[in-house]
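Visitor: Going down the list, the sequences are from chains A and B. Residue numbering for the first sequence follows this note's numbering, beginning at 1 and increasing consecutively. Residue numbering for the second sequence follows this note's numbering, beginning at 505 and increasing consecutively. Each residue gets a CB set at the ideal place from its N, CA and C atoms; glycine is no exception.
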Amino acid sequence: MQPGYPILSTIIALPLIGALMIVLMKRSQGAVIRWTALLVSLATFLLSMPLYSYFDKTTPDMQFTETHAWVPSWGVNYALGVDGISVLFVLLATLLSILCVTVSWNSITEKTKEFYAALLLIEASMVGVFGSLDLFLFYIFWEAMLIPMFILIGVWGGANRVYAAIKFFLYTLVGSVLMLVGIMVLYIHTGKSFDIVTMMTTTYPLHLQFMLFWAFFAAFAVKVPMWPLHTWLPDAHTEAPTAGSVILAGILIKMGAYGFLRFSLPLFPEATKAMAPAMMVLSVIAILYGGIICLAQTDVKRLIAYSSVSHMGFVTLGIFALNTQGIQGGIVQMINHGIVTGALFLCVGIIYERTHTRLIADYGGAATVLPVFASFFMVLTLASIGLPGTNGFIGEFLIILGGFSASKTMGALAALGVIIGAAYMLWLYQRVFFLDVSPKVRGLRDMDFREFLTVAPLIVLVLWIGVYPASLLRFTDASTQRIVERLNTAGHRQTAQQTSEAAK
Amino acid sequence: MDQYTLLPLLPLAAFILNILFGRGIFKDKAHWIAIPAVAGSFVLAMAAFIGVLDGRVVNRDVYTWIVSGNFRVTVGFLIDQLTAIMLIVVTSVSLLVHIYAIGYMHKDKGYYRFFAYLSLFTFSMLMLVMSNNLLQLYFGWEAVGLCSYFLIGFWYEKKSASDAGKKAFIVNRFGDFGFGLGVIMIFLALGSLQYAEIFANVQSLQGRTISLFGYPVELVTVIALLLFCGAVGKSAQLPLHVWLPDAMEGPTPVSALIHAATMVTAGVFMVARFNPLFSMSETAMNTVALTGAITSLFAATIALVQNDIKRIIAYSTISQLGYMFLACGVGAYGAGVFHLFTHAYFKALLFLGAGSVMHAMSGGLDIRSMGGLKKYLPVTYWTFLIASLSIAGVPGLAGFFSKDEILWLAYNAGPVGKIAWMTGTIVAALTAFYSFRLIFLAFHGTFRGTHEQEHHLHESPRAMTVPLVSLAIGAVAAGWIGMPAVLGGSNWIGHFFEPVAGHPPVTATHGEEWMVMGISVASGAAGMLLSWVLYVRNPALPAWLAGRMKGIHTVLLNKYYVDELYDFLIIRPITWAAKNVLSATTDNKIIEGIVNGVPRGIRTIGERLRKLQTGYVQHYGIGMAIGLVVIMALALIAAGK
């Protein structure tokens, strides 16, 4: 029941080929470059659609798998596949990539060639990260994404872009290096294999689990980012060009939480269970800290960046609640946050092109001047504060439900974040869209057709998922169940193994 | 699609049409979309009501909304006695307010937007009252709050209006924080959020406790009180009442529909809906009763001295909502909802009347600059008078019956009930006083405004007076369905609600019932008389009294300084901490200090990297390749071990 082409390889290869084509083009052919990027990203998205329609929601196993020996002497395989944890991220990545192209259409005028090539490289590596079933391959994609992203921020970013780019790079690199050590240790203990599926059914000794948990934690927590490792995010977001912010918010920071789900929980279940309370505390701090600090922001992008810290706190809280609702809520919240915050950054980019200011104080009265834009931003604001009927509610509610059943205190404190979220987002909306029309806003034109088409798909998703979340949740059912079962049986397995070892 | 699904979907369809095409196509004809839709809902609501009268209580799911593991919740409808009455209230008042708005919002540049929001509100409110589960109720709950936010801040250019909308939303979120936790605890305790399953299993909560700060507390009490938090926010009870007076920044039809008749009563509806749960906890019941009683007294005292016509009515609403909670708290849920029903008509009428006055006064709100409006606005005057007589509890009018029922059942309900009854009786006197103070100052005497204003005074157009007259009929007759036995009636409404809300035991005698009724009528009469003495007979007296009791007067005039207190205790500390502690210190000094400071070399590395940053992809490509080589080398070394 699957189409006759290797989907995952295709949607990794296509953007790579596109990037190569663009590199070979003449610098002066700006229009051709843009159209190539658009068509390639559109084609990639369309070719990724079978992942949605042919996905078997009843099995927790990997699907659309492809395995080829790559470096047999090291046991490295080119192995791809997706399950309920990863499939939605692949789709989100291919969707957002199109929008990143269209939103940059007029705003990127310098080094167009390099820009779109980098964008497509990022797309390929994003799909690669979520589609890898070989740890070595995973690591390559994980690191490969870093470089074009670093370039995106450092070259096309704002005034302080170099500082932000380097900070981003070093922060994530330090985390990745620790993970690399962890990967090597895992490799040795899995019988010289990088096979992720094998690892997911292997039971590692307890002391090793703890060590590996922290090694991977370093990489994932930086990416998420968990408090207090979050300070690269506001700078990176603020300085990145619109497309960069969208990818950062939409996909890149999800890689960290995805890592927890793909590796930490199933590979190190006992260590995870032991560490979960601490992780939940860090998550709740992120929720409240990230939310309250939004109240002090004067820069639109910085505010949305800090709100991401708060929202990702919900995600990690859900994941480390270690129950079905928490984990499913976490996955759905990640997708939703990708949609909503991605769209918010698109919107900020759209208005920044007109005003060239990110300062909230420069705005005011935008609802009078740009009514369509204001309506879109309102829907996104509501989704961001988790209003029922939007997608934001589904994830947040399931997470608080899961968090509360794991720890009443943590669940209740997280729910406080919902009040703070309303406060900073409505305050932002008021200062930008309500009140008197500010000089910078006066006379601006509303969204044009291209901009409308860039944001509208995400608005539709916000409402669709809010009203009919089963369309998303069903994808994650089986795989979530498997993780929860593995966590629940982890303790027994460990003791059984120890007794059998002792018997020897 | 059946009739029940269609009932909320009609206004939703009207919303979608108006929000998408209102600006471009419908413009000042937007009401042609909205009104037929709400009229259709009204007809369907009547049909549903008649169905319930015939014994057709409906409980059906439309589709499964959220499933996650053992958590499952649907979108579905429960149409029983309680819902049927709410459907009548919501659709009838909504329809009249829609019609009124044709006149009131005429020539407003946001005309289509106004009708779009009204439709969205009607949809949300219907989803709330028709829900067959707690999470859909929560959806409706938040959605009506959203519409309230949109409509309070309808004139968003005005800072006071957009501030008020934001305040309403955020204050309500404080209540919803508790409400949401209550929802979650119900699911964790009973395994479902569907009403039918909750109420079938609610008795299993008996005797279960939960540890709170190390003390065992009754689980059912915790859940009931958490749910009540939501009601306190939505229905503007102490201490979360602060948003409702500010909500008067919205257009007046909104105040009538949302902030008097329907949305603010959602809290009462919810408590009545969950009466099997509330009734299991004496602590929760007493909390509800006392919160209601204290709020009704508190708000009524503030209303005594306010000068803004809409704010007087707003405080009156808070006070009357307190009355309804007082009823629920003594177990008289049916009486509480009965008062909700009658209040919807006379209070909506008061607001729409106030709107008519504002229309004539070119937006003027201060009753000190009104006076003598009776002769310019006869329809408004007479309907306003009927509403005031009704709220003052004059026998025969709607307000009398529902208020009397509440006081009588409170009187029967033990010591807390007696306190509630006494408070309620005092409030009845205060209510009559401030209502007639408003009548005398605004409509009697001579006009005190400017000449220009006087020149413009006129009765409102037909679109506005027809709803006034229709509501006046409700303000008179809505109470007759609850005519008590001692007056020769059958208390039809009380029996109607019995399957849902039960009926509290009545132990006192007929003689006592006459006494309770007599005292409440007498206190209402006393309030009206005192108001006549102060504002008609001896107009110099109020100023003299205010001078003599300067302290109390100032406190009341400033609404007990609750807003100032919240500003000082919550808003300032949090914004200060956000700026000076989290942003300036923790993030920018401590964390950044460690991040930037420990590897001192970062900056120098940065400088070098800056030189590398040449903008040519080839260079980056080389960098990438080198990086990969390093990684692979590391991998090899590690693998070789």
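First and last residue of the alpha helix (DSSP H) that includes A:G158?
Guide: Counting from one through the first sequence, the residue named residue 158 of chain A turns up at place 158. Element bounds for A:G158: n/a, residue is neither H nor E.
Visitor: Could you check what DSSP says for A:D446 in three-state terms: helix, strand or coil?
Guide: As a working mapping, residue 446 of chain A is identified with position 446 in the first sequence. Three-state result, A:D446: coil.
Visitor: Please confirm if the region 313-331 of chain A is in contact with the region 396-403 of chain A, defined as three or more CB-CB distances below 8 Å between the two stretches.
Guide: By the Cβ rule, the region 313-331 of chain A counts as touching the region 396-403 of chain A, because three or more pairs are nearer than 8 Å.
Visitor: If we ignore side chains and look at the alpha-carbon of each, how far apart do B:W659 and B:V633 end up?
Guide: As a first step, residue 659 of chain B must be located in the second sequence, where it is residue number 155. As a first step, residue 633 of chain B must be located in the second sequence, where it is residue number 129. When rounded, the distance between both Cα atoms is 29 Å.
Visitor: For the beta strand (DSSP E) containing B:S800, list its first residue and its last residue.
Guide: Your numbering for residue 800 of chain B matches position 296 in the second sequence. Element bounds for B:S800: not the beta strand (DSSP E) but the alpha helix (DSSP H), 786-807.
Visitor: Could you name each continuous alpha helix (DSSP H) segment of 4 residues or more that falls completely within the region 361-441 of chain A, going from the start of the chain to the end?
Guide: Fully enclosed alpha helix (DSSP H) runs of 4 or longer: 366-369, 371-384, 391-406, 408-433.
Visitor: Using a cut-off of 7 Å between C-beta atoms, extract the partners of A:A366 located in chain B.
Guide: Start at 1 with the first residue of the first sequence, and residue 366 of chain A comes out as number 366. Those within 7 Å of A:A366 in chain B number zero; the least Cβ separation is about 10 Å.
Visitor: Roughly how many angstroms separate the alpha carbons of B:Y615 and B:D532, rounded to a whole number?
Guide: Here residue 615 of chain B corresponds to residue number 111 of the second sequence, with the count starting at 1. Here residue 532 of chain B corresponds to residue number 28 of the second sequence, with the count starting at 1. If you take the alpha carbons of B:Y615 and B:D532, they lie about 6 Å apart.
Visitor: Decide yes or no for the touch test of the region 95-110 of chain A against the region 240-251 of chain A: beta carbon pairs closer than 8 Å, at least 3 of them.
Guide: yes
Visitor: So what's A:H68 in DSSP terms, helix, strand or just coil?
Guide: By 1-based counting over the first sequence, the position of residue 68 of chain A is 68. It is a strand residue.
Visitor: Just by C-beta distance, which residues in the region 661-679 of chain B are closer than 7 Å to chain E?
Guide: No chain E is part of this structure, whose protein chains are labelled A and B.
Visitor: Could you tell me the distance, in whole angstroms, from the CA atom of B:V1010 to the CA atom of B:F842?
Guide: Working through the second sequence from its first residue, we reach residue 1010 of chain B at position 506. Working through the second sequence from its first residue, we reach residue 842 of chain B at position 338. So the alpha carbons of these two residues sit roughly 18 Å apart.
Visitor: Does chain A have any CB closer than 7 Å to the CB of B:G684?
Guide: What you label residue 684 of chain B is simply residue 180 of the second sequence in a count that begins at 1. Cβ-Cβ to chain A under 7 Å: yes for B:G684.
Visitor: Looking at the secondary structure, which residues open and close the alpha helix (DSSP H) in which B:L582 lies?
Guide: Counting from 1 along the second sequence, the entry for residue 582 of chain B is found at position 78. Premise fails: B:L582 lies in the beta strand (DSSP E), 575-583, not in any alpha helix (DSSP H).
Visitor: For the region 943-975 of chain B, list every residue whose C-beta sits within 7 Å of some C-beta in chain A, in sequence order.
Guide: none
Visitor: Can you tell me where the alpha helix (DSSP H) with B:S906 in it begins and where it stops?
Guide: In the second sequence, the residue the question calls residue 906 of chain B occupies position 402. Annotation for B:S906: the continuous alpha helix (DSSP H) segment containing it runs 902-915.
Visitor: Using a Cβ-Cβ cut-off of less than 8 Å, give me the residues of the region 610-635 of chain B that come near chain A, in sequence order.
Guide: none
Visitor: Answer yes or no: does any C-beta atom of chain A fall closer than 7 Å to that of B:S939?
Guide: Here the question's residue 939 of chain B lines up with position 435 in the second sequence. Not flagged as an interface residue toward chain A: B:S939, since no C-beta distance is shorter than 7 Å.
Visitor: Among residues of its own chain, excluding the 5 on either side of B:S1024, which ones have a beta-carbon nearer than 7 Å to its beta-carbon?
Guide: To locate residue 1024 of chain B, count along the second sequence from 1; it is residue 520. Taken in chain order, the residues that qualify are G897, K907, D908, L911, T929, A932.
Visitor: Tell me whether B:R966 sits in a helix, a strand or coil according to DSSP, three-state version.
Guide: Taking the first residue of the second sequence as 1, we reach residue 966 of chain B at position 462. Helix at B:R966.
Visitor: Is there a Cβ from chain A that is less than 7 Å from the Cβ of B:F658?
Guide: Working through the second sequence from its first residue, we reach residue 658 of chain B at position 154. No, its Cβ sits nowhere closer than 7 Å to a Cβ of chain A.
Visitor: Quick one: what's B:A715 bridged to in DSSP?
Guide: Position 211 of the second sequence, counted from the first residue, corresponds to residue 715 of chain B. This sequence places Ser at residue 715 of chain B; Ala is not what is there. Under DSSP, B:S715 forms a beta bridge with B:P720.
Visitor: Using a C-beta cutoff of 7 Å, does B:F829 count as contacting chain A?
Guide: Here residue 829 of chain B corresponds to residue number 325 of the second sequence, with the count starting at 1. False, the Cβ-Cβ gap to chain A never drops below 7 Å.
Visitor: On the three-state DSSP scale, how would you describe A:V484?
Guide: As a working mapping, residue 484 of chain A is identified with position 484 in the first sequence. In the structure shown, A:V484 sits in a helix (DSSP, three-state: H, G or I).
Visitor: Give every residue of the same chain whose Cβ lies closer than 6 Å to the Cβ of B:F462, excluding the five residues on either side of it in the sequence, and list them in chain order.
Guide: A question about residue 462 of chain B goes unanswered here, because the residues of chain B that appear run from 505 up to 1145.
Visitor: What residue range is occupied by the uninterrupted beta strand (DSSP E) comprising A:S73?
Guide: Stepping through the first sequence from its first residue, residue 73 of chain A is reached at position 73. Unbroken run through A:S73: none, as it is neither H nor E.
Visitor: I'd like to confirm the pairing. Which residues does DSSP put opposite B:A620 in its beta bridges?
Guide: Working through the second sequence from its first residue, we reach residue 620 of chain B at position 116. The partner list for B:A620 (beta bridge, DSSP) is empty, contrary to what the question assumes.
Visitor: With three or more C-beta pairs closer than 8 Å as the rule, is the region 647-654 of chain B touching the region 761-776 of chain B?
Guide: yes
Visitor: Using beta carbons (cut-off 7 Å, strictly below), is A:L208 in contact with chain B?
Guide: For the purposes of this step, residue 208 of chain A is taken as residue 208 along the first sequence, with counting starting at 1. No, A:L208 does not count as interfacial toward chain B.
Visitor: For chain B, find out if any of its Cβ atoms is closer than 7 Å to the Cβ of A:I292; answer yes or no.
Guide: Against the first sequence, residue 292 of chain A aligns to sequence position 292. By this cut-off, A:I292 is an interface position.
Visitor: Would you identify the three-state DSSP class for B:W925, choosing helix, strand or coil?
Guide: Looking up residue 925 of chain B in the second sequence gives position 421. Helix.
Visitor: Listing by chain order, which chain A residues have their CB less than 7 Å from the CB of B:R527?
Guide: The residue you call residue 527 of chain B lines up with position 23 of the second sequence. The answer, in chain order, is P371.
Visitor: Figure out for me which residue from B:L729, B:T725, B:N636, B:S666 has the closest Cα to the Cα of B:E701.
Guide: The residue given as residue 701 of chain B occupies position 197 in the second sequence. It is B:N636.
Visitor: When the Cα atoms are used, what is the spatial distance from A:A31 to A:T202?
Guide: For the purposes of this step, residue 31 of chain A is taken as the residue at position 31 of the first sequence. For the purposes of this step, residue 202 of chain A is taken as the residue at position 202 of the first sequence. Roughly 52 Å separates the two Cα atoms.
Visitor: Determine the closest residue to B:L638 out of B:H535, B:S823, B:L694, B:H1057, with distance taken between C-alpha atoms.
Guide: In the second sequence, counting from the first residue as 1, residue 638 of chain B sits at position 134. Nearest Cα to B:L638 within the set B:H535, B:S823, B:L694, B:H1057: B:L694.
Visitor: Residues in the same chain with beta-carbon distance under 7 Å from A:L382, minus the five sequence neighbours each way, listed in chain order, please.
Guide: For this step, residue 382 of chain A is matched to residue 382 along the first sequence. Here the set comprises T390.
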